[in-house]
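According to my numbering, the sequence shown is numbered sequentially starting from 36.
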Amino acid sequence: MELEDLMNESIEKLEGNFYSKKFYFSYSSLNKLIWNPAVFHQLYILGLKEEKQDAHLVQGKVIHALLLEPENFQDNFIVSPGNLPTGNPKIVIDRVFAHHIELSRNGDERTMLPEFMDAILDIMKDMNYHQSLKTDQQRLDKILTPESENYWNFLKAKGNKTLLDQETYDFCYNAVELIKTNKELCSLLACDINDFDNKQVYNELPLMLDLPNRIFGLKGIVDNLVIDHDQKILYINDVKTTSKDLKDFPETVEFYSYWMQAVIYCTLVSLHFANLMSVGYKVKFHFVVIDRMFQTYAFPVQESTLNEWADRLVRQLDRAEWHYTNKSYDLPYEFATGSITL
Numbered sequence: 036m037e038l039e040d041l042m043n044e045s046i047e048k049l050e051g052n053f054y055s056k057k058f059y060f061s062y063s064s065l066n067k068l069i070w071n072p073a074v075f076h077q078l079y080i081l082g083l084k085e086e087k088q089d090a091h092l093v094q095g096k097v098i099h100a101l102l103l104e105p106e107n108f109q110d111n112f113i114v115s116p117g118n119l120p121t122g123n124p125k126i127v128i129d130r131v132f133a134h135h136i137e138l139s140r141n142g143d144e145r146t147m148l149p150e151f152m153d154a155i156l157d158i159m160k161d162m163n164y165h166q167s168l169k170t171d172q173q174r175l176d177k178i179l180t181p182e183s184e185n186y187w188n189f190l191k192a193k194g195n196k197t198l199l200d201q202e203t204y205d206f207c208y209n210a211v212e213l214i215k216t217n218k219e220l221c222s223l224l225a226c227d228i229n230d231f232d233n234k235q236v237y238n239e240l241p242l243m244l245d246l247p248n249r250i251f252g253l254k255g256i257v258d259n260l261v262i263d264h265d266q267k268i269l270y271i272n273d274v275k276t277t278s279k280d281l282k283d284f285p286e287t288v289e290f291y292s293y294w295m296q297a298v299i300y301c302t303l304v305s306l307h308f309a310n311l312m313s314v315g316y317k318v319k320f321h322f323v324v325i326d327r328m329f330q331t332y333a334f335p336v337q338e339s340t341l342n343e344w345a346d347r348l349v350r351q352l353d354r355a356e357w358h359y360t361n362k363s364y365d366l367p368y369e370f371a372t373g374s375i376t377l
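Take a look at the structure:
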């Protein structure tokens with residue numbers, strides 16, 4: 036059997052496994068399917084992992100941990116004692132380290148970066164990185180630096196924890212301290228809740244639901260949910276960092292389709308706490324935003340806006356169902372159905 040046939044057989048098996056059980060869309064997976072079905076297919080159907088994570092996403096996770104679950108921070112993150120390699124050198128080392136981990140499971144006893152010179156050269160060739168240099172030694176010299184070896188040793192020590200550079204940690208720590216000193220934000224997030232408050236607080240709350248008349252469901256992890264029983268309000272608070280200014284956040288909501296995330300979270304919470312909704316509780320949603328200058332603001336979303344976004348979500352779910360049902364992941368819906376004209 037030729038390599039192409041083997042690859043096709045493997046893809047068919049992975050697709051079969053994916054469709055053998057019900058899929059629950061998160062905001063992230065739904066957004067990827069709508070805007071780039073091919074990436075959705077690679078990540079969620081074929082199971083390939085993203086090698087690079089945007090800085091603002093990493094910052095968001097760190098801030099969530101420091102603010103909402105500080106007791107779990109050290110279990111999930113570790114701060115590098117020095118600067119990390121960046122760009123292609125970091126990608127090369129990360130790939131070589133993954134190769135080392137795989138080999139070690141099969142008894143390979145090599146542990147030092149210079150012991151993987153062949154793997155380094157192969158990866159550099161695959162990336163077309165420094166291939167204009169004349170000798171392999173010149174290429175290796177670009178990777179086998181003291182900084183890279185320190186990073187390699189640190190990877191060995193960190194295990195499965197997410198690695199942070201000091202600058203990222205300092206930014207996130209300062210952002211969290213700023214929120215804690217803001218009485219209004221702290222009250223909204225219930226940072227200072229006490230035994231006398233008639234409130235329930237849930238941080239990083241995982242929720243899942245089946246959708247009527249849909250062959251898939253929805254899921255999400257709500258950053259912060261505060262149930263105020265005196266006011267009969269469920270406050271859903273989603274913490275965001277942005278590299279822009281606060282005044283630009285409404286555009287960011289559209290650009291990243293954060294509106295879709297807001298509706299999904301409101302739907303999940305409303306149905307999960309249907310017993311409270313049935314006795315008159317209301318849902319209020321806020322984007323708690325920290326901008327590049329450490330300005331912070333909780334953007335409230337009006338009920339009329341949430342209703343408008345809910346209508347838009349239905350249309351996006353229709354598109355998702357078309358892709359999912361037809362197993363079509365080459366082009367976004369509008370292009371795949373010939374709806375785009377000039």
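Positions of the beta carbon are idealized from the N, C-alpha and C atoms, including for glycine.
Quick caveat, the model's predicted, so the values are computed rather than measured.
Span of the beta strand (DSSP E) holding residue i?
{"i": "Pro241", "result": "Lys234 to Asp245"}
{"i": "Tyr332", "result": "Thr331 to Val336"}
{"i": "Tyr300", "result": "Not the beta strand (DSSP E): Tyr300 falls in the alpha helix (DSSP H), residues Tyr293 to His307."}
{"i": "Lys282", "result": "Per DSSP, Lys282 belongs to no beta strand (DSSP E) and is neither H nor E."}
{"i": "Phe251", "result": "Element bounds for Phe251: n/a, residue is neither H nor E."}
{"i": "Phe322", "result": "Lys317 to Ile325"}
With a threshold of 7 angstroms on Cβ separation, who are the neighbours of residue i within its own chain once the five nearest residues in sequence on each side are excluded?
{"i": "Trp357", "result": "Tyr368"}
{"i": "Leu253", "result": "Tyr59, Phe60, Leu244, Leu246, Ile299, Thr302 and Leu303"}
{"i": "Ser64", "result": "Phe75 and Tyr79"}
{"i": "Leu38", "result": "Residue placement at Leu38 is flagged as unreliable, the pLDDT there being 49, under the threshold of 50; a coordinate-derived value is accordingly withheld."}
{"i": "Gln77", "result": "Leu83"}
Looking only at its chain, what residues have a beta carbon closer than 6 angstroms to the beta carbon of residue i, apart from the 5 residues adjacent to it on each side?
{"i": "Leu224", "result": "Asn259 and Asn272"}
{"i": "Ile375", "result": "Glu369"}
{"i": "Lys317", "result": "Ile268"}
{"i": "Ala345", "result": "Val298"}
{"i": "Val314", "result": "none"}
What are the boundary residues of the alpha helix (DSSP H) that residue i is part of?
{"i": "Phe206", "result": "Gln201 to Thr216"}
{"i": "Asp153", "result": "Met152 to Asp161"}
{"i": "His134", "result": "Gly122 to Ser139"}
{"i": "Tyr270", "result": "Here Tyr270 belongs to no alpha helix (DSSP H); instead the beta strand (DSSP E) covers Ile268 to Thr276."}
{"i": "Asp110", "result": "Phe108 to Asn111"}
{"i": "Leu65", "result": "Tyr62 to Trp70"}
{"i": "Glu104", "result": "That residue, Glu104, is in no alpha helix (DSSP H); it is neither H nor E in DSSP."}
{"i": "Tyr164", "result": "Neither: Tyr164 is in no alpha helix (DSSP H) and is coded neither H nor E."}
Taking 6 angstroms as the cut-off, is the beta-carbon of residue i closer than that to any non-hydrogen atom of the ligand SAH?
{"i": "Asp176", "result": "No copy of the ligand SAH occurs in the structure displayed, which carries no ligand at all."}
Just tell me which of the options has its CA closest to the CA of residue i.
{"i": "Ile155", "options": "Ser183, Val74 and Asn141", "result": "Ser183"}
{"i": "Glu150", "options": "Ile178, Gln235, Asn209 and Asp265", "result": "Ile178"}
{"i": "Val274", "options": "Leu190, Leu101 and Gln77", "result": "Leu101"}
{"i": "Ile158", "options": "Glu144, Asn123 and Val257", "result": "Asn123"}
{"i": "Leu242", "options": "Gly255, Gln235 and Asp232", "result": "Gly255"}
{"i": "Leu49", "options": "Glu289, Leu83, Leu68 and Ile128", "result": "Leu83"}
{"i": "Asn195", "options": "Gln172, Asn209 and Ala133", "result": "Ala133"}
{"i": "Leu366", "options": "Pro72, Asn52, Met152 and Phe53", "result": "Pro72"}
{"i": "Asp417", "options": "Val114, Gly373, Phe231 and Val127", "result": "Residue coverage of the chain in this structure runs from 36 to 377, which leaves residue 417 outside it and unanswerable."}
{"i": "Gln172", "options": "Met152, Lys191 and Pro181", "result": "Met152"}
So, at 8 angstroms on beta carbons, what are the nonlocal neighbours of residue i in its own chain, with the 5 sequence-adjacent residues on each side left out?
{"i": "Ile250", "result": "Lys57, Glu356, Tyr359 and Thr360"}
{"i": "His321", "result": "Leu223, Tyr270, Ile271, Asn272, Asp273, Ala333, Phe334, Pro335 and Val336"}
{"i": "Cys221", "result": "Ile214, Lys215 and Asp227"}
Cβ pair count under 8 angstroms reaching 3, the stretch 161-168 against the stretch 132-140 | no
Does the stretch 91-98 come close enough to the stretch 203-213 that 3 or more CB-CB pairs lie under 8 angstroms?
-> yes
Any contact of the stretch 105-121 with the stretch 140-149, i.e. 3+ C-beta pairs under 8 angstroms?
-> no
Kindly confirm or deny that the stretch 303-314 and the stretch 280-290 touch, where touching means at least three C-beta pairs closer than 8 angstroms.
-> no
Within the stretch 169-198, ranges of the beta strand (DSSP E) (whole runs, at least 3 residues) | none
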